Amino acid sequence: MDEINDLAEGLGEPDRAPGDYLDELRTNGFVVVDNVLTSDALERIREATYREIEKQDPAPAEFDDRFGMPHSITWSPDVCRAVTHPVVLRIIREYLSTEDIHFCHQPAMTILRPTKELLGTFPDSGWHADYPYHPDVYPEDRWQDENIYGVQYNICIDEFRTDNAATQYVPGSHLVKSFPPRGMNEGGTRMGTPPHENVEQMVAPAGAALIYDSRTWHRACVELNESGEDRLAILNAVCPRWVRPMVDKTNGSTVYFESNAESGLDDLTRVELNHLCHSDTAPHPDGVPTILEKQPMPRRIKI
Ligand SMILES: O=C(O)CCC(=O)C(=O)O
1 MDEINDLAEG LGEPDRAPGD YLDELRTNGF VVVDNVLTSD ALERIREATY
51 REIEKQDPAP AEFDDRFGMP HSITWSPDVC RAVTHPVVLR IIREYLSTED
101 IHFCHQPAMT ILRPTKELLG TFPDSGWHAD YPYHPDVYPE DRWQDENIYG
151 VQYNICIDEF RTDNAATQYV PGSHLVKSFP PRGMNEGGTR MGTPPHENVE
201 QMVAPAGAAL IYDSRTWHRA CVELNESGED RLAILNAVCP RWVRPMVDKT
251 NGSTVYFESN AESGLDDLTR VELNHLCHSD TAPHPDGVPT ILEKQPMPRR
301 IKI
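Rendered as structure tokens:
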């Protein structure tokens with residue numbers, strides 16, 4: 001894999017060669033790419049995020065919640081540079097076996113609040129695979145395909161630790177090629193106890209990126225944020241460009257182009273961001289499964 005020399009402001013150079021990360025992702029379906037953002041960039045992203053949170057009326061919940069602050073590519077040039085990190089994108093393009101990738105929603109700054117009422121509880125549900133491996137988009141019987149149609153690219157703005165709700169996941173579950181079994185979403189998650197005996201957490205330093213195969217079973221575990229502090233992360237669902245977006249991205253694109261955000265970016269970041277966030281969906285190639293428009297889910301009838 002090619003070495004990458006030019007890094008935009010605020011981007012760090014990962015310690016290992018890109019091919020090492022790719023090998024680990026291919027072996028485990030998950031890899032932590034260290035040093036994607038410098039500590040200065042992290043601090044600027046935190047400050048920009050809290051400026052946005054302060055503008056919210058009504059104010060978001062302070063505890064037991066995880067919410068998104070939209071339009072981060074408009075209010076933070078560091079987010080623009082982070083989501084276009086050339087080493088991470090090279091790894092993802094190789095893993096998805098295509099140069100032509102895009103984001104299936106606009107980069108999502110998420111704030112996971114500390115727990116209060118949920119402390120010590122075991123809430124039901126939350127286990128899922130990521131886009132496009134959703135039951136209403138890519139039905140279960142078609143997952144036997146050997147190709148891979150999505151990875152998640154999450155950037156840790158704060159350290160991900162076991163005591164601040166680092167994402168729970170089941171190592172190797174992408175190889176099962178199906179949704180998490182229903183039992184995983186019933187009766188709460190007790191790590192180490194069936195059916196959650198193999199659950200681990202995606203622990204990583206601040207400034208690292210988590211890349212995982214979208215078929216991986218995983219869960220946001222707000223009840224485990226005992227740290228008393230927020231845990232910030234930027235989430236991205238990355239797919240080949242022929243995979244239709246998860247949501248309508250046009251409002252995000254309009255807000256971005258109507259702002260002055262582009263003028264603060266270097267050319268490489270601007271062009272890559274336009275491609276990932278604002279380009280049209282490519283035509284469906286031959287020989288790939290149909291990724292459906294979101295389907296209404298059948299209502300569960302209790303007998
Ligand atoms: O924020 C988290 O810990 C979970 C993220 C997640 O579920 C996702 O990216 O799909």
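Just so you know, we're using our numbering here: the sequence shown kicks off at 1 and counts up by one.
Note that beta-carbon positions come from the ideal geometry of N, C-alpha and C, so glycine has one too.
Remember, it's a predicted structure, so these values are computed and weren't measured experimentally.
Beta-carbon contacts of residue i that lie in its chain and below 7 Å, excluding the five residues immediately before and after
i      : result
SER125 : ASN185
ARG300 : For ARG300, the predicted model reports a pLDDT of 49, less than 50, meaning its position is unreliable; a value from the coordinates is still stated below. If we look at ARG300 and ignore the five residues flanking it on each side, it has no Cβ neighbours.
PRO107 : SER72, ILE73, VAL79, VAL83, ILE234, ASN236
ASP15  : ASP34, ASN35
THR269 : ALA8, CYS80, ARG81, THR84
LYS177 : TRP143, GLN144, ARG215
Residue of the options minimising C-alpha distance to residue i
i      : options                        : result
THR27  : GLN201, GLU54, SER173          : SER173
ILE291 : HIS275, SER279, THR254, VAL243 : VAL243
HIS105 : MET246, TYR169, ASP57, GLY29   : MET246
ASP40  : THR254, GLY207, TRP143         : GLY207
ASP23  : ILE92, LEU112, GLY192, GLU200  : ILE92
ASN225 : ALA166, VAL137, HIS102, GLN56  : ALA166
VAL288 : ARG241, ALA261, ASP248         : ARG241
LEU112 : THR250, GLN152, THR193, ALA61  : ALA61
TRP127 : LYS177, ILE101, HIS218         : HIS218
VAL370 : SER227, SER178, THR162, ALA209 : Nothing can be reported for residue 370: it is not among the residues displayed for the chain, which extend from 1 to 303.
VAL203 : ARG44, PHE257, PHE30           : PHE30
ALA17  : VAL88, GLU54, PHE67, GLU43     : VAL88
ASP248 : PRO181, ALA261, ASP280         : ASP280
As assigned by DSSP and simplified to three states, the class of residue i
i      : result
HIS174 : helix
ARG244 : coil
VAL31  : strand
HIS102 : strand
VAL151 : strand
MET202 : coil
LEU118 : coil
ALA292 : The question names Ala, but residue 292 is Leu in the sequence shown. Coil, per DSSP.
ILE157 : coil
GLY68  : strand
GLY12  : coil
LEU308 : The requested residue 308 is not part of the displayed model; the chain covers only 1 to 303.
ILE213 : The residue you asked about is not Ile; residue 213 is Asp in the sequence shown. Of the three classes helix, strand and coil, the one that applies to ASP213 here is strand, per DSSP.
ARG113 : coil
TYR169 : strand
ARG190 : coil
Nearest-angstrom Cα separation, counted from residue j out to residue i
i      : j      : result
SER259 : LEU265 : 13 Å
THR216 : PHE63  : 27 Å
PRO114 : ASP267 : 38 Å
ILE155 : ASP141 : 32 Å
THR189 : PRO123 : 7 Å
THR38  : ASP6   : 15 Å
SER253 : THR193 : 44 Å
GLU293 : TYR138 : 9 Å
SER227 : LYS55  : 25 Å
PRO58  : SER97  : 44 Å
PHE257 : GLU272 : 15 Å
PRO135 : PRO285 : 22 Å
Residue i vs residue j beta-carbon contact at 8 Å
i      : j      : result
SER214 : TYR133 : yes
ASP34  : PRO205 : yes
LEU25  : ILE148 : no
GLU223 : THR121 : yes
CYS277 : GLY150 : no
GLY183 : PRO171 : no
GLY232 : ARG46  : Checking the displayed sequence, the identity of residue 232 turns out to be Leu instead of Gly. Closer than 8 Å, so yes.
LEU11  : ARG81  : yes
GLN201 : GLN152 : no
Contact set for residue i: own chain, Cβ-Cβ below 6 Å, skip 5 residues either direction
i      : result
GLU117 : ASP64
Close beta carbons around residue i, own chain, < 8 Å, minus the five adjacent residues each side
i      : result
GLU229 : PRO114, ASP158, ASN164
THR49  : MET69, SER72, SER76, MET109, ILE111, ILE157, LEU232
PRO181 : PRO195
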